[in-house]
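Take a look at the structure set out below.
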Amino acid sequence: MNGAVEAANKNNKKIIEKMTVNYKDWHEMLPYALLAYQTSIRTSTEATPYSLVYGMEAVLPIEWAKQRYEQLNLIDEKRLKALCHGQCYQQRMARAFNAKIFSEGAVILNDMDGTENALPVNADSIKKYYP
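In my numbering, the protein residues as written are 36 to 166.
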């Protein structure tokens, strides 16, 4: 078993040597080297050491960040879609409102004081009054 540990440490040492610029910052790269070692597939077992210990594949930070980035893109798409729907709704409401605007010469029902009647009931049967 001691030989397996030495082989693993030798592999970790090679990974750290490739990741560091000088020998003083090796301790900063150690977690990344261990993650790389634990999530790479071994030819002897056809599996990663992480999956053999925990029974599932590790979720790498880049996979998580990529998923979050895709979700942010979906949020942007939803916002653009909502903006488009809002503009379409505004145009539809403008068409409906503009259809209610009276043409020239139309008769508008007013009260005796001159205010426009908001709820005209049977306005079509009322005749124009000439004083």
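Each residue gets a CB set at the ideal place from its N, CA and C atoms; glycine is no exception.
Cβ separation of residue i and residue j, assumed to be a contact under 8 Å, to the nearest whole Å
i           : j          : result
residue 191 : residue 92 : Outside the displayed span of the chain (36 to 166) sits residue 191, for which this structure offers no information.
residue 61  : residue 51 : 5 Å
For residue i, the three-state DSSP class (helix, strand or coil)
i           : result
residue 41  : helix
residue 105 : helix
residue 92  : coil
Option in the options with minimal Cα separation from residue i
i          : options         : result
residue 74 : 95, 90, 56      : 95
residue 40 : 112, 58, 72     : 72
residue 43 : 58, 59, 69, 122 : 69
Completely contained alpha helix (DSSP H) runs for the segment 37-90, where each covers 4 or more residues: 37-54, 61-74, 84-89
Tell me, please, whether the segment 65-75 touches the segment 44-52 by the rule of three or more beta-carbon pairs shorter than 8 Å. Touching, per the Cβ criterion.
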